[in-house]
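Scroll down for the structure; my scribbles are underneath it.
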Amino acid sequence: MVSTSSTGQKVTLAKGLNLGLRKAMEADDKVLLMGEDVGKLGGVFRITDGLQKDFGEDRVIDSPLAESGIVGTAVGMAMRGYRPVVEIQFDGFVYPAYDQIVCQVAKIHFRSKGRVKMPMVIRIPFGGGIGAVEHHSESPEAQFAHTPGLKVVACSNPVDGYWMIQQAIAHDDPVIFLEPKRQYHADKAELDETATPAPLFTSKVVRPGSDATLLAYGPTVKTCMKAAEAAAGEGRSLEVIDLRTLSPLDMGPVLDSVRRTGRAVVVHEAHVNLGMGAELASRITEECFYSLEAPVLRVGGFDTPYPASRIEEEWLPDLDRVLDAVDRSLEF
Amino acid sequence: MVSTSSTGQKVTLAKGLNLGLRKAMEADDKVLLMGEDVGKLGGVFRITDGLQKDFGEDRVIDSPLAESGIVGTAVGMAMRGYRPVVEIQFDGFVYPAYDQIVCQVAKIHFRSKGRVKMPMVIRIPFGGGIGAVEHHSESPEAQFAHTPGLKVVACSNPVDGYWMIQQAIAHDDPVIFLEPKRQYHADKAELDETATPAPLFTSKVVRPGSDATLLAYGPTVKTCMKAAEAAAGEGRSLEVIDLRTLSPLDMGPVLDSVRRTGRAVVVHEAHVNLGMGAELASRITEECFYSLEAPVLRVGGFDTPYPASRIEEEWLPDLDRVLDAVDRSLEF
Amino acid sequence: MSDGAVQPEFGPDLAEVFGPAHADGGPELIQLLTPEGERVHHPEFDLDFSAEELQGLYRDMVLVRRLDVEATALQRHGELGIWAQLLGQEAAQIGAGRALRSQDFVFPTYREHGVAWCRGLDPLKLLGLFRGVDHGDWNPSDYNFNLYTIVIGAQTLHATGYAMGMQRDGVVGTGDPDRDAAVLAHFGDGASSQGDVNEAFIFAASYNAPVVFFCQNNQWAISEPIERQSRIPLYQRALGFGFPGLRVDGNDVLATYAVTRAALQRARDGQGPTFVEAYTYRMGAHTTTDDPTRYRLTADVEHWKLKDPIARLEVYLKRNGLGDDDFFADLTAEADELGHTLREGCKAMPDPEPLEIFDRVYAETPPELAAQRDGFADYLASFEGAH
Amino acid sequence: MSDGAVQPEFGPDLAEVFGPAHADGGPELIQLLTPEGERVHHPEFDLDFSAEELQGLYRDMVLVRRLDVEATALQRHGELGIWAQLLGQEAAQIGAGRALRSQDFVFPTYREHGVAWCRGLDPLKLLGLFRGVDHGDWNPSDYNFNLYTIVIGAQTLHATGYAMGMQRDGVVGTGDPDRDAAVLAHFGDGASSQGDVNEAFIFAASYNAPVVFFCQNNQWAISEPIERQSRIPLYQRALGFGFPGLRVDGNDVLATYAVTRAALQRARDGQGPTFVEAYTYRMGAHTTTDDPTRYRLTADVEHWKLKDPIARLEVYLKRNGLGDDDFFADLTAEADELGHTLREGCKAMPDPEPLEIFDRVYAETPPELAAQRDGFADYLASFEGAH
Ligand SMILES: Cc1ncc(C[n+]2csc(CCOP(=O)(O)OP(=O)(O)O)c2C)c(N)n1
Ligand SMILES: Cc1ncc(C[n+]2csc(CCOP(=O)(O)OP(=O)(O)O)c2C)c(N)n1
Ligand SMILES: [Mg+2]
Ligand SMILES: [Mg+2]
């Protein structure tokens, strides 16, 4: 079991997560991985590639095909002192485990007056754009963020993937860990394993700007960066914030930014209706009522089920729809 | 099987629903009821009292103790041409059926290009204030309203209970039907069975006013009516809207009102974070940006799990917290 | 219990596979003490009990019945919001509870007051949940007894996972009796229909986890009779998942003890899960808010009264001179004392402090929740002057 | 298949209850045609097949294999996003599909292309979902064949509910062969672990619903072998729920047909559910995106090649003079023609019109969604001039 610690290697998000999981397992032998096909196969996205070989079947556990069973047994293992990291194969398959997540995982710390900790990470590859069939492109984050007792984070790039997964595993509260599956093998970034990462529950300005603020997380960070780039070509300066944490929200950087720009557009793949954009818009408006030049606008998946993949790119928020919202905001 | 059709009787919400279910079953023999203890017992709240006796065990079906099984078999019955009305015993027990609801009930019409209808009603007694133990006082509406393909309504009084349940059953789309359990046996209202009810998916101004708008549904309608009454004593005129429909929202009356009053407070028992208030605040702000004198404020359950019942009344939004928000809005 | 339609005209003959089913427990019912108080013998599960042990089991049953009666009365007097009665299930719970070793871990439902008693929990602690002052105010690891779980069946998966943790801790099948441990997972007949419970069977079988699934078949899930959940005897469910199932007379504390003990030992030894169906009867209502006259016959209840778990052991003790008048008198006094303690203790239980709720949601409270807390504190404080 | 640890030291002896388990299907495997193409007899399920019937079954299998091969190729050429192959499972699907009567209703998973074929569905319609142009573009009631369901196991509950609907419609157990109907519910070995599937067993047993649970145990759930899901033969799962389970050689189209036919008839007659385990093997990858070399041995695949469902019937037909050269040549031509149609048809499938999605979410589109649609239409139109 050799730790592949090196600095400066270029990694994909999939590799960053894989390395992060490995680090976490090396650091604490209470860390267990569990899920469908996470063993020999390394998961359908290969995020757990090689881990069963190196850490054994007792720590990288192929489970029967039952999500409630996976999360429910992970609860028991956490009660016994383990730190289970559960992989849900695709976003759309988290729902059979929904009851265990919202009634048990989320509530046990509270129910027990803090006596029983629930240090569990539930990894969910989320979002669309991979040309998949139904149920493989969902964005369930709002439902979890609405549930007290859960923390919800989303990574957007290889370096964050590497650090955030380790931070989530080390954290004593249950964390819903969202991974933009479209990004798994898309881009590479330089990983410096000796760096000091930002704390887990913080948002980051990833591109400064002054005319309007784009709020994104997971897969839409890239969309917004591209939009900002395109807007810059037309002389518009857009600030982009990678929220990273969805529950709790880290409103500090968001409010600072909107107070400066006076305009905000929230971009996510989840349905607009009752999506994260609704909460962000409400809070921003409450806190920056007199700084806002326009209402906070929301760009997201339409309020329809995820469509057949041949039209998914029309359904998903893209650069043009983001810029259209920016225009509407600026012209308001 | 005698229809107790009469005009002018005073009924509770429980009785209104019971009569409405009876009417719906008389009107269409494809209507079936299904759930735990709905037969001889008449349900733990007695909403189905007497129906099995009159309509038989084939139409009022006591089910095995499994919510996914109940909703999943109801899907099959709907495909076969029935109109199942499912009772979930308590809000907190809807989650084992969550997968069937969001991935099947909500999506089958879309998946089948409209060829397969899903005329199902899922009745959920919801909300707190009855001194119950954990999981018996939840407000899960935002999660369902976020899901395209579902319609979500909440009744607040006996007369609406009577009409809305019949309308929901007659409707061809799946309806999540929320019943404020705290109101079941609380107040009586005169029921005129010959009246013409308002359409199902409409909101209603239940008290006109001019200083601020209170938006409520289900159990908080009563709270807001009392708050408006109390405010009137202090010379403040509050308009109260009973939303009745949560998905779709009927924004017409809401926007009209807020354009007049310039102020809105949304009141629900669900957690504030990503609750219905977030969506309402976002839409109101977007539509009435220049009419708003203050940001839309939200009063709801705190972002903690529902507490032990001896302190539930402190956790739930009450008259004082509503008036406090009104004050904050007016003073903004 | 079983249904005529179960006979297939092909495939294995179910009656042959399982033996005939009987409404009264059937021949498969493992019994050591009859309802009439006769000691009977069993080829596999016989055990010798000392006078002390028998008195101990009797005492436990009498005291938990008193606990139950008091709690029911406290609910009637408005001191509890609701109470889930164990009346009639004392033998099933005490038999199972006494079969545990301290290193074993228990996952109860909301009705296992008797098992809690055996784990040494102050019974007053059981009342908090039903009074509405907490969700259970004990540390599970202090008693190896989890908090009550209300969502039907959810805890069977936790139990299985906990047992998988024990396997990883190396406390299964080592041969060291003080080290080897097992999990006892409680659930009801109604719960057997939940997906979670069946998934727990699958996981436990798949990993050969050291867990005993202990089902109190009290014949009812609120108003629904066991026939709605299963048309064959419930213990046979386990066989289809590949591990043994046994039906024990749940009103016979000796048999329940013996069978649970053997099943737990099998689990500790690394031989995997067992399903124990304790065949019993819910003599009371489902909870204090239930009205069983709407759905069941008094005659049935009367029938089961003859099988009372306490009465049969009392007859046995008395007939065999295993308890003198002092023993019974002392026990009555002890029960009265317990009742008194419960009544006084319950009424003295303070309401929780509202602001606490904010501190316990997370191990690390996020700033936004802390702000919500502070806002509420200010709000509450704003009334102080006013009143 | 089964695990040493299953022997309890008490309780019913599982080996006795169920008989011994064997890796290769075991003695309980119902077979009418051996891998070598020998016709064997079975005491309960024997059937006579005419030459025409045998040729028909053979033809079906050959054509659906071609369908599968073509679709796999179309995926490789980028015409489909993904494809779930049925290679090796032709006999299980054709045997089951041909056992249906028109009034029966089928709930498939995502792999039942052979059953769809038997229901008369234009195979091109199966490609839409995998191409990404729709979620299945047929009306289930036109074929009594539901849309594919992707969430594992969910459809078994729908099937049970549909069967309960049939009971209420009075089309079960009337004795009229053209009226009595049943439901065929498909699922895989992996699916047997889902709560939903086990709840379906419970509901079907409880209401004695006319449903046949048809499990294609192809030994794998993606990378996980059947042993992870069950340590005893899967068909035995049903016994614990109180209805019969049977294991049939799923690579033997004759046996699968005979067993499914009997099970469906039993359901139509009002005798309730049956579990049929079609013991087969997934010869291909899980889907075209899977790489089975990461988790299984080529030797295993080679072993199963000897049991090929088509080859054995071909041997039998040829050996018994039941198909002349023309028959085989015509069939090859027909398969080529099918391949051609599929290739051309697939490429010609139009992409959906984005705006349609808004109209199909509800039976009655709410105004707010109509507004969203209109806004998007305007937005799209705004580009028209621009480009
Ligand atoms: C998931 C879920 N659904 C419904 C309920 C409501 N409920 C509480 S107890 C009960 C019946 C349980 O019956 P059983 O499992 O036989 O246990 P018993 O109460 O008889 O001990 C029901 C339906 C619940 N607590 N959880
Ligand atoms: C609820 C759910 N979880 C996970 C998946 C992902 N998934 C698709 S197929 C599959 C394996 C299914 O195995 P099995 O039931 O044996 O059927 P087979 O594919 O072998 O025909 C998995 C895990 C899913 N579709 N649904
Ligand atoms: Mg019970
Ligand atoms: Mg399989």
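Protein chains in written order, with the working numbering: chain D, 2 to 333; chain A, 2 to 333; chain P, 48 to 434; chain U, 48 to 434.
By construction, the Cβ of each residue, glycine as well, lies at the ideal position given by its N, Cα and C atoms.
Asked                                                                                                                      : Found
Entirely enclosed beta strand (DSSP E) segments - the stretch 182 to 247 of chain P, minimum 3 residues                    : 230 to 235
Span of the beta strand (DSSP E), counted from its first residue to its last, around Met35(D)                              : Val32 to Gly36
With 16 other Cβ atoms within 10 Å as the buried cut-off, status of Ser49(P)                                               : Residue confidence is low: Ser49(P) scores 36 on pLDDT, short of 50, so the model does not pin down where it sits. Its coordinate-derived value is still stated next. So Ser49(P) ends up on the buried side.
Status (buried if at least 16 other CB within 10 Å, exposed otherwise) for Ser97(U)                                        : exposed
Within chain D, the residues that Glu137(U) reaches when beta carbons sit closer than 7 angstroms                          : Ordered by position in chain D, no residue passes the 7 angstroms Cβ test against Glu137(U), which lies about 23 angstroms from the chain.
Whole-angstrom distance between Thr327(P) and His69(P), CA atom to CA atom                                                 : Only weak support is given to the placement of His69(P): the predicted model assigns it a pLDDT of 49, under 50, and the value that follows is read from those uncertain coordinates. Taking the straight line from one Cα to the other gives about 14 angstroms.
Contacting positions in the stretch 72 to 104 of chain A - beta carbon closer than 9 angstroms to chain U                  : Val72, Gly73, Thr74, Ala75, Val76, Gly77, Met78, Ala79, Met80, Arg81, Gly82, Tyr83, Pro85, Pro97, Asp100, Gln101 and Cys104
Delimiting residues of the beta strand (DSSP E) encompassing Tyr163(A)                                                     : Taken as a continuous stretch (DSSP letters only), Tyr163(A) belongs to no beta strand (DSSP E), being part of the alpha helix (DSSP H) at Pro159 to Ala171.
Contact test: Arg481(P) Cβ vs ligand 1 heavy atom, cutoff 6 angstroms                                                      : Outside the shown range of chain P (48 to 434) lies residue 481(P), about which nothing can therefore be said.
Other residues of its chain near Met396(U): CB distance less than 8 angstroms, five sequence neighbours each side excluded : Leu171, Leu174, Gly175, Arg178 and Val180
For Gln140(P), three-class secondary structure by DSSP                                                                     : helix
Any non-hydrogen atom of ligand 2 closer than 6 angstroms to Ala302(P) Cβ                                                  : no
Distance cut-off 6 angstroms: Gly242(U) Cβ against heavy atoms of ligand 1                                                 : no
Residue closest to Arg215(U), alpha-carbon to alpha-carbon, out of Asn255(U), Ala201(U), Val198(U) and Asp107(U)           : Asn255(U)
Residue burial classification, Lys24(D) (beta-carbon count within 10 angstroms, cutoff 16)                                 : buried
Same chain only: Cβ atoms within 8 angstroms of Trp316(D), ignoring 5 sequence neighbours per side                         : Gly129, Gly302, Phe303, Thr305, Tyr307 and Pro308
Phe288(P) and Cys262(P) closer than 7 angstroms at C-beta                                                                  : no
Cβ distance (whole Å) where Ser211(A) is taken to contact Pro254(A) below 8 angstroms                                      : With a Cβ gap of about 15 angstroms, Ser211(A) and Pro254(A) do not count as contacting.
Rounded distance between the beta-carbons of Val109(P) and Leu378(P), thought under 8 angstroms                            : 6 angstroms
Proximity below 7 angstroms, CB of Pro346(D) to CB of Glu68(D)                                                             : The structure shown does not extend to residue 346(D), since chain D is modelled only from 2 through 333, so no value can be given for it.
Whole beta strand (DSSP E) elements within the stretch 185 to 271 of chain D, 3-residue minimum                            : 190 to 193, 205 to 208, 213 to 217, 239 to 243 and 246 to 248
Residues sharing a beta bridge with Pro181(D), DSSP                                                                        : Phe127(D)
Range covered by the alpha helix (DSSP H) that runs through Ala155(D)                                                      : Not the alpha helix (DSSP H): Ala155(D) falls in the beta strand (DSSP E), residues Lys152 to Ala155.
Local Cβ density within 10 Å of Val87(U), reported as buried at 16 or more and exposed below that                          : exposed
Val259(A) versus Pro296(A), Ile89(A) and Gly276(A), residue with shortest Cα-Cα distance                                   : Pro296(A)
Cross-chain neighbours of Asp328(A) in chain D, by beta carbon under 8 angstroms                                           : Simply none; closest approach about 15 angstroms.
Own chain residues within Cβ distance below 7 angstroms of His182(P), not counting five before or after                    : Leu176 and Leu194
CB of Ala15(D) within 7 angstroms of CB of Tyr163(D), strictly                                                             : no
Where Ile279(U) sits in the DSSP three-state scheme                                                                        : coil
Rounded straight-line distance, which links the Cα of Asp55(A) to that of Ser4(A)                                          : Here Ser4(A) scores only 47 on pLDDT, less than 50, and its place in the model is too uncertain to base an answer on.
Inter-residue spacing [alpha-carbon to alpha-carbon] between Asp316(U) and Arg60(A)                                        : 22 angstroms
Ser429(U) classed as buried or exposed, judged by whether at least 16 other C-beta atoms fall within 10 angstroms          : exposed
Pair within 7 angstroms by beta-carbon distance, Pro320(U) and Val244(U)                                                   : no
Where Leu173(P) falls: helix, strand or coil (DSSP)                                                                        : helix
Run of the alpha helix (DSSP H) containing Phe94(A), from where it starts to where it stops                                : No alpha helix (DSSP H) contains Phe94(A), which DSSP labels as neither H nor E.
Outcome for Glu83(P) when other beta-carbon atoms lying within 10 angstroms are tallied against a minimum of 16            : exposed
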